[in-house]
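Visitor:
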Amino acid sequence: MIVVTISRWGHTRAVDPEETDNGHCSSKWHTFTKSKDDEHVWRSMSDEFPEIAGDRLEEGDWEQRARTESTVFQTPTASVVGHTVLYDDAALRKALGDANSYLPNGDAKGNLMIDTDDGIGSWRFFFATALSFRPPLAPGIGTASMRPMVVSEARRSFEDDMRARGFKDIDRGRSQRARTRGGKRMSLNKLTTRYPIEDGPIDALDIEGWLGVWSTGGSFRIAGGCYPTGGLETLLDAADGDRPEGDPGGYRDELLELIRSVQ
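Each residue of the sequence shown is one higher than the last, beginning at 1 in the UniProt record's numbering.
1. Beta-carbon separation of Arg194 and Leu205 under 8 Å?
2. Who pairs with Glu63 in a beta bridge, going by DSSP?
3. Rounding to the nearest angstrom, what Cα-Cα distance links Arg181 and Val213 in this structure?
4. Report the rounded CA-to-CA distance for Arg243 versus Arg134, giving the unit in angstroms.
5. If Thr71 sits next to Val80, beta carbons under 8 Å apart, how far is it from one beta carbon to the other, in whole angstroms?
6. Does the beta-carbon of Met152 have 16 or more other beta-carbons within 10 angstroms, so that it is buried, or is it exposed?
7. Determine the contact status of Ala128 and Thr75, defining contact as a CB-CB distance below 8 Å.
8. Counting beta carbon pairs with one atom in the stretch 130–150 and one in the stretch 213–230, are three or more of them shorter than 8 Å?
9. Excluding five sequence neighbours on each side, which residues of the same chain lie with their C-beta closer than 6 Å to the C-beta of residue 265?
10. Considering Cα atoms alone, identify which of Met186, Arg177, Gly173, Ala144 is closest to Thr192.
11. For Thr77, which option in Pro139, Ser175, Leu188, Ile52 has the closest C-alpha, if you only look at C-alpha atoms?
12. Only counting runs of 3 or more residues, tell me where the beta strand (DSSP E) segments fall wholly within the stretch 159–232, in order along the chain.
13. Taking C-alpha atoms, which residue in Thr143, Gly230, Ala144, Asp171 lies nearest to Arg156?
14. So who's on the other strand from Gly82, going by DSSP bridges?
15. Count the other C-beta atoms from every protein chain shown that fall within 10 angstroms of the C-beta of Ala238, then say buried if there are 16 or more, exposed otherwise.
16. Compute the beta-carbon to beta-carbon distance between Glu254 and Gly60, rounded to the nearest angstrom, for a pair I have assumed lies under 8 Å.
17. Applying the 10 Å Cβ sphere with the 16-neighbour rule, what's the burial state of Glu58?
18. Beta-carbon within less than 8 Å of Arg177's beta-carbon, same chain only, minus the 5 sequence neighbours each way: which residues are those?
19. Let me confirm a value: Ser145 is counted as buried when at least 16 other C-beta atoms fall within 10 Å, else exposed. Which label applies?
20. Taking C-alpha atoms, which residue in Ser215, Val150, Pro148, Asp203 lies nearest to Arg179?
Structure representation (structure tokens):
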């Protein structure tokens with residue numbers, strides 16, 4: 001039997017399945033097992049994961065580190081299921097290999113934003129989630145009526161994940177309007193935050209993040225990520241090996257293009 005951990009946007013947490021948050025929809029996490037006889041079912045699930053158009057992931061140093069299915073929250077009539085793929089900058093992670101004590105590893109409860117076998121987090125990552133409703137929305141109920149709730153839950157979950165990773169002073173900017181490469185209207189939010197570093201060459205690393213939410217084909221897509229904007233050069237000075245180019249402007253442009261490329 002293969003044990004599979006299901007997490008919310010890469011955020012693994014052990015909770016009571018009936019847990020609810022005051023004023024919010026019920027969120028659930030599950031752990032279950034599958035046998036080799038179930039492989040055909042899991043192969044069919046691959047169609048439910050989001051796709052990223054173009055070849056930006058292949059051209060860069062992005063490495064897939066998580067691929068999860070989760071019930072992200074509940075409505076009175078349906079479960080909202082998310083299929084998520086998560087990537088991080090492998091070259092940057094490797095360059096900071098000698099500074100692992102500074103890399104984000106989550107809180108004592110193991111609430112990791114990036115759930116990887118080695119337990120090492122990242123300050124530059126990108127994720128994409130395809131949401132679906134089970135059972136499907138009833139006739140006459142469109143995604144427009146669900147959009148405010150989905151956008152609110154996505155923002156809250158993203159910020160919760162960042163707090164669980166140890167990020168501080170999270171500040172969310174006003175919602176902006178943007179379009180995906182496919183022409184879909186997207187709600188886009190910018191976040192700024194800091195990651196305190198103890199006994200390091202700097203007091204904290206400045207971080208910027210973006211989160212986009214939009215509807216498509218009767219469901220929703222959520223995509224976002226983070227990257228360092230200040231302090232990275234000092235950390236790289238203390239690391240051995242190859243030194244990748246740390247350009248906050250380039251990081252921003254690439255993340256926004258990846259978000260827009262999600263299908």
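All C-beta atoms in this analysis are idealised placements derived from N, C-alpha and C, irrespective of residue type, glycine included.
Guide: Quick answer:
1. Yes. Within cutoff.
2. For Glu63, which the question treats as bridged, DSSP gives the partners Asp88.
3. Roughly 14 Å separates the two Cα atoms.
4. One C-alpha to the other measures close to 46 Å.
5. Distance from Thr71 to Val80 at the Cβ level is roughly 7 Å; contact confirmed, criterion being Cβ atoms closer than 8 Å.
6. Here residue 152 is Ser; the residue named in the question, Met, does not match the sequence. Ser152 counts as exposed, since fewer than 16 other beta carbons sit within 10 angstroms of its beta carbon.
7. No, the pair does not count as a contact, with Cβ atoms beyond the cut-off.
8. Flag = yes, the stretch 213–230 and the stretch 130–150 touch.
9. Any answer about residue 265 is impossible in this case: the structure gives the chain only from 1 up to 263.
10. Among Met186, Arg177, Gly173, Ala144, the Cα nearest to that of Thr192 is on Gly173.
11. Its Cα nearest to that of Thr77, the residue Pro139 stands out among Pro139, Ser175, Leu188, Ile52.
12. Along the length of the stretch 159–232, whole beta strand (DSSP E) runs at least 3 residues long occupy 168–172, 176–179, 185–196, 204–216, 219–230, reported in chain order.
13. The shortest C-alpha separation from Arg156 is found at Asp171.
14. Under the DSSP definition of a beta bridge, Gly82 partners with Ser70, Leu131.
15. Around the beta carbon of Ala238, fewer than 16 other beta carbons lie within 10 angstroms, which makes this residue exposed.
16. Going by Cβ atoms, the distance from Glu254 to Gly60 rounds to 7 Å, so yes, they are a contact pair.
17. The Cβ neighbour count for Glu58, taken over all protein chains shown within 10 Å, is under 16; the residue is labelled exposed.
18. For Arg177, the CB contacts under 8 Å within the same chain, skipping 5 residues up- and downstream, are Arg185, Met186, Ser187, Leu188 in chain order.
19. By the 16-neighbour rule on beta-carbons within 10 angstroms, Ser145 is exposed.
20. The shortest Cα separation from Arg179 among Ser215, Val150, Pro148, Asp203 belongs to Ser215.
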